[in-house]
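Working notes, beginning with the structure itself.
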Amino acid sequence: MADDAVRMLYLSRSDVAAVGGDHSDLYVDALHEGLVAHAKGDTVQPLKPYLRTDGPDGHIADRIIAMPAHVGDPGLSGIKWIGSKHDNPTRAGRERASALIVLNDPATKYPVAVMEGSLISAWRTAGVTCLAARHLAVSGFTDVALVGCGLIGSTQVTALLQQFDHISTVHLYDVDAEAASGLADRITRENPSVKAVVADTAEDAVGQGDLVVPCTVTDQPYITFSWLKRGALLCNVSIMDVHKDVFLGADKVVVDDWEQSNREKKIINRLVLEGSFSREQLHAELGEILAGDRQGRDNDDEIIVLNPMGMAVEDIACAGEVYRRATESGTGTWLDLH
Numbered sequence: 001m002a003d004d005a006v007r008m009l010y011l012s013r014s015d016v017a018a019v020g021g022d023h024s025d026l027y028v029d030a031l032h033e034g035l036v037a038h039a040k041g042d043t044v045q046p047l048k049p050y051l052r053t054d055g056p057d058g059h060i061a062d063r064i065i066a067m068p069a070h071v072g073d074p075g076l077s078g079i080k081w082i083g084s085k086h087d088n089p090t091r092a093g094r095e096r097a098s099a100l101i102v103l104n105d106p107a108t109k110y111p112v113a114v115m116e117g118s119l120i121s122a123w124r125t126a127g128v129t130c131l132a133a134r135h136l137a138v139s140g141f142t143d144v145a146l147v148g149c150g151l152i153g154s155t156q157v158t159a160l161l162q163q164f165d166h167i168s169t170v171h172l173y174d175v176d177a178e179a180a181s182g183l184a185d186r187i188t189r190e191n192p193s194v195k196a197v198v199a200d201t202a203e204d205a206v207g208q209g210d211l212v213v214p215c216t217v218t219d220q221p222y223i224t225f226s227w228l229k230r231g232a233l234l235c236n237v238s239i240m241d242v243h244k245d246v247f248l249g250a251d252k253v254v255v256d257d258w259e260q261s262n263r264e265k266k267i268i269n270r271l272v273l274e275g276s277f278s279r280e281q282l283h284a285e286l287g288e289i290l291a292g293d294r295q296g297r298d299n300d301d302e303i304i305v306l307n308p309m310g311m312a313v314e315d316i317a318c319a320g321e322v323y324r325r326a327t328e329s330g331t332g333t334w335l336d337l338h
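Be aware that the sequence shown starts at 1, since it is given in full-length UniProt numbering, and climbs by one per residue.
Spelled out as structure tokens, the structure:
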């Protein structure tokens with residue numbers, strides 16, 4: 001234990017991928033456990049602070065977020081430090097988001113691991129959608145609509161196709177037509193039985209989706225309730241895409257965490273401040289449904305909205321599984337702290 005107390009395991013992105021961090025199975029399993037633990041009160045999760053340096057006129061997606069959490073007993077403590085700059089791909093030739101995750105031993109509070117976090121962040125976001133689809137989408141759903149075909153969107157589609165073999169068509173839209181066509185080509189190349197359709201407009205794509213997944217960096221809503229077909233599940237991954245009437249018209253609204261969702265002037269928070277939505281109107285937190293404490297979908301006609309703000313609990317649960325696999329397999333580089 002003395003040696004462990006002064007060493008820390010470093011895991012690069014390739015190390016994370018080498019232990020299964022580039023496939024949805026790791027995340028679906030780890031997230032199920034983490035979200036159920038959260039529903040049962042076996043987690044600690046302070047509200048995440050947003051560091052913004054561009055003033056009141058800065059883009060909503062330009063920020064660094066500190067996301068601390070503790071999961072399980074004795075479990076692991078940790079923090080994700082994730083930066084985002086909406087124009088990184090076009091201005092700097094880099095991915096929009098970058099992240100590090102630090103894990104700490106709750107007994108000593110010493111750090112035990114630090115790892116590249118953007119791969120985990122993208123895949124755990126997709127894993128949440130997969131878990132939601134199991135319980136909230138129409139059984140045997142066939143059509144997925146994706147708006148936004150960047151890293152997050154492509155990871156969402158990849159994970160969904162890994163988890164659900166009954167998906168037959170993916171409807172794609174992106175303001176960058178080349179991004180949509182490029183992802184369509186990749187989908188059909190890797191999944192010959194799946195049809196990928198590039199839509200002319202976001203409305204065209206959304207209207208076809210049994211499962212609708214917006215993954216953009218927009219700061220203005222554009223999806224209205226009238227776009228959604230009966231029975232649709234909308235997983236509002238990028239948070240700002242939907243108009244207020246979507247939340248007010250849906251048969252059920254589900255979040256990952258109410259306190260995280262009702263802040264930062266996001267759409268739910270605006271509705272609460274206006275007095276048109278409340279905790280009492282919320283159907284459930286996702287972990288409550290996974291734990292069997294609340295019902296998921298009741299019938300094929302319901303329109304359901306999942307608003308996943310993204311929780312540190314999710315990141316730490318997934319990073320903990322990556323760390324466990326890495327130590328068992330001897331993956332990574334040990335760094336001396338002293």
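C-beta atoms are modelled at their ideal positions from N, C-alpha and C, and glycine is treated no differently.
Under 8 Å, do residue i and residue j count as touching if we go by C-beta distance?
i      : j      : result
Ile120 : Asp315 : yes
Val322 : Met115 : yes
Ala99  : Cys130 : no
Ile60  : Met309 : no
Thr169 : Val197 : yes
Leu225 : Val246 : Strictly speaking, residue 225 in this sequence is Phe, with Leu absent from that position. Contact: yes.
Lys252 : Glu302 : yes
Roughly how many angstroms lie between the CA atoms of residue i and residue j, to the nearest whole one?
i           : j      : result
Val305      : Asn299 : 14 Å
Ser24       : Ala180 : 22 Å
Leu26       : Ser14  : 15 Å
Val237      : Asn307 : 7 Å
Met1        : Pro49  : Bear in mind that a pLDDT of 40 at Met1, under 50, signals an unreliable position, so the number given afterwards is only what the model happens to contain. Straight-line Cα distance between these residues: approximately 34 Å.
residue 346 : Gly58  : The structure shown has nothing for residue 346, since the chain only spans 1 to 338.
Arg297      : Asp204 : 25 Å
Thr43       : Asp200 : 44 Å
Gly332      : Val128 : 27 Å
Ala145      : Val213 : 6 Å
Asp22       : Trp123 : 7 Å
Between the options, which has its C-alpha nearest residue i's C-alpha?
i           : options                       : result
Gly320      : Leu76, Leu11, Thr43           : Leu76
Asp62       : Ala92, Ala39, Val36, Ala97    : Ala97
Tyr222      : Val206, Thr108, Arg230, Asp29 : Val206
residue 340 : Val213, Gly148, Ile268        : Past the boundaries of the shown model lies residue 340; the chain is included only from 1 to 338, so the question cannot be answered.
Ser261      : Met311, His243, Arg294        : Met311
Ile79       : Lys109, His86, Glu95          : Lys109
Gly287      : Asp29, His38, Ser12           : His38
Pro68       : Gln45, Val217, Arg189         : Gln45
Asp174      : Val217, Phe164, Val194        : Val217
Lys40       : Gln295, Arg52, Glu285         : Glu285
Glu95       : Leu103, Lys85, Asn104         : Lys85
Please classify residue i: does DSSP put it in a helix, a strand, or coil?
i      : result
Asp315 : helix
Cys149 : coil
Val138 : coil
Met1   : Unreliable placement is indicated for Met1, whose pLDDT of 40 sits below 50; no coordinate value is reported for it.
Lys252 : strand
Arg279 : helix
Tyr222 : coil
Per DSSP, which one or two residues make a beta bridge with residue i?
i      : result
Gly83  : Ile64, Ser98
Gly78  : Ala69, Leu103
Lys195 : Thr169
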